[in-house]
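What follows is a single structure, written as structure tokens, with notes after it.
Numbering (the numbering used here), first residue to last: -4 to 380.
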């Protein structure tokens, strides 16, 4: 009996490892992920009952800007073929994202564009010629960023995103009522700068909005080869910010989502990641042959979902646009294109010494030496003429 009790007692006693196993503390997520998740479908307004609530004045302005933007893209593309631009990344088919981004901001806010977002800069009020100066190869940038509250057009992928976060965070520390809106393509989301920017923005609760224009391809690389996430908007949850999914060809929907995100950021709600589902109708640039990696049928399917036609149909059905209104918008756009064409056909007068003007506030010894060498060479050429 004693032996049986002893064996029973031995079986029931925990092992030494079990006796010293610590009980983990209770865990719970720092943030409830449910409110951060994007909707299952991209938000749409045009063609739905929600369109009836849209402000008619806003709809007319959006339409005029879309028509102007479409003509701007066509004219800039033509200038590359004429040798007046070195390169032009067109936003034909993406005009709704460009226009909505510009109009969602207040004058005191900042826009951080990528190299493809010249139209957003123009819609914000920048001179079309100044917007194309970089792509012409004349200067590093053709305008004063502080004057227009538009950061320089960013050719390296996604490097403008940390800059936007830094400015937004600094503005909040200073007590300035400023929001930064940073634009990037789907290809830019594969860069480390994208992840670093979102992480810092969420931790600091910086007043910044990230707009991803998902146009389907990073040059020739389709989205499926960049990410396995359900959507790019879902990536927001990993950083602790809301993700929004919107039809990028529905200019009213994009404007609504961006306006809500800007307002939230201004009120101290922190950053938002917005993914706009759109399509790049033209090639990546004039140097790209898009027929090598996508089918004509795919392009034509997206032409049927054209942002200009979507809004034009809505305005016409509601009696807010007639033939005279269409003509007025087209004529205004053509006037802009003619002026742009005339000014771009004039050869710019450039001073080679400007290479050293806007590099550092105080030139380094190396730059001073290079400038002196160039000046000597220019003077020698003048003497030999």
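Beta carbons: idealized from backbone N, C-alpha and C, even for Gly.
When the options are compared against residue i, the one with the closest alpha-carbon
i: residue 200; options: 168, 312 and 272; result: 168
i: residue 33; options: 353, 242, 292 and 287; result: 242
i: residue 123; options: 70, 92 and 314; result: 70
i: residue 162; options: 152, 146, 90 and 153; result: 146
i: residue 38; options: 248, 45 and 328; result: 248
i: residue 330; options: 29, 17, 59 and 172; result: 59
i: residue 111; options: 105, 78, 77 and 153; result: 153
i: residue 246; options: 19, 26, 64 and 17; result: 64
i: residue 35; options: 369, 204, 240 and 348; result: 240
i: residue 104; options: 92, 319 and 119; result: 119
i: residue 303; options: 170, 62, 362 and 42; result: 62
i: residue 185; options: 175, 194, 158 and 220; result: 220
i: residue 335; options: 373, 79, 296 and 230; result: 79
i: residue 170; options: 17, 202 and 271; result: 202
i: residue 263; options: 21, 255 and 229; result: 255
i: residue 173; options: 357, 379, 266 and 225; result: 266
i: residue 178; options: 305, 92, 377 and 308; result: 92
i: residue 205; options: 360, 259, 57 and 44; result: 259
i: residue 251; options: 226, 94, 292 and 320; result: 94
i: residue 374; options: 361, 346, 352 and 208; result: 346
i: residue 269; options: 228, 96, 379 and 294; result: 228
i: residue 43; options: 26, 218 and 313; result: 313
i: residue 288; options: 218, 317 and 337; result: 218
For residue i, three-class secondary structure by DSSP
i: residue 297; result: helix
i: residue 180; result: strand
i: residue 174; result: coil
i: residue 213; result: strand
i: residue 129; result: helix
i: residue 100; result: coil
i: residue 304; result: helix
i: residue 32; result: coil
i: residue 227; result: coil
i: residue 38; result: strand
i: residue 200; result: coil
i: residue 185; result: helix
i: residue 64; result: helix
i: residue 250; result: helix
i: residue 53; result: helix
i: residue 276; result: coil
i: residue 363; result: helix
i: residue 81; result: coil
i: residue 135; result: coil
i: residue 24; result: coil
i: residue 261; result: helix
Contact set for residue i: own chain, Cβ-Cβ below 8 angstroms, skip 5 residues either direction
i: residue 343; result: 131 and 133
i: residue 216; result: 182
i: residue 68; result: 85, 86, 87, 90, 114 and 277
i: residue 24; result: none
i: residue 157; result: 188, 191, 192 and 195
i: residue 354; result: 362
Identity of the residues DSSP links to residue i by a beta bridge
i: residue 109; result: 149
i: residue 270; result: 207 and 240
Contacting residues, own chain, Cβ-Cβ under 6 angstroms from residue i (five flanking each side not counted)
i: residue 278; result: 285
i: residue 234; result: 193, 194 and 197
i: residue 358; result: none
i: residue 148; result: 108, 110 and 129
Contacting residues, own chain, Cβ-Cβ under 7 angstroms from residue i (five flanking each side not counted)
i: residue 315; result: 51, 54 and 55
i: residue 382; result: Here the chain has residues from -4 to 380 only, and residue 382 is not among them.
i: residue 232; result: 28, 31, 32 and 238
i: residue 300; result: 244
i: residue 325; result: 62
i: residue 283; result: 214
i: residue 121; result: 138, 143 and 145
i: residue 294; result: 276
Interface flag, residue i vs chain C, CB-CB below 8 angstroms
i: residue 128; result: The structure shown contains no chain C; it holds only a single protein chain.
Nearest-angstrom beta carbon gap, residue j and residue i [assumed within contact, 8 angstroms]
i: residue 281; j: residue 75; result: 4 angstroms
i: residue 366; j: residue 348; result: 7 angstroms
i: residue 107; j: residue 175; result: 6 angstroms
i: residue 401; j: residue 310; result: Given that the chain is displayed from residue -4 to residue 380, the structure contains no residue 401 and the question cannot be resolved.
i: residue 141; j: residue 332; result: Between residue 332 and residue 141 the Cβ distance is about 29 angstroms, and since that is not below 8 angstroms, they are no contact.
i: residue 127; j: residue 136; result: So it is not a contact: roughly 11 angstroms between Cβ atoms.
i: residue 208; j: residue 116; result: About 14 angstroms separates the two Cβ atoms, so there is no contact after all.
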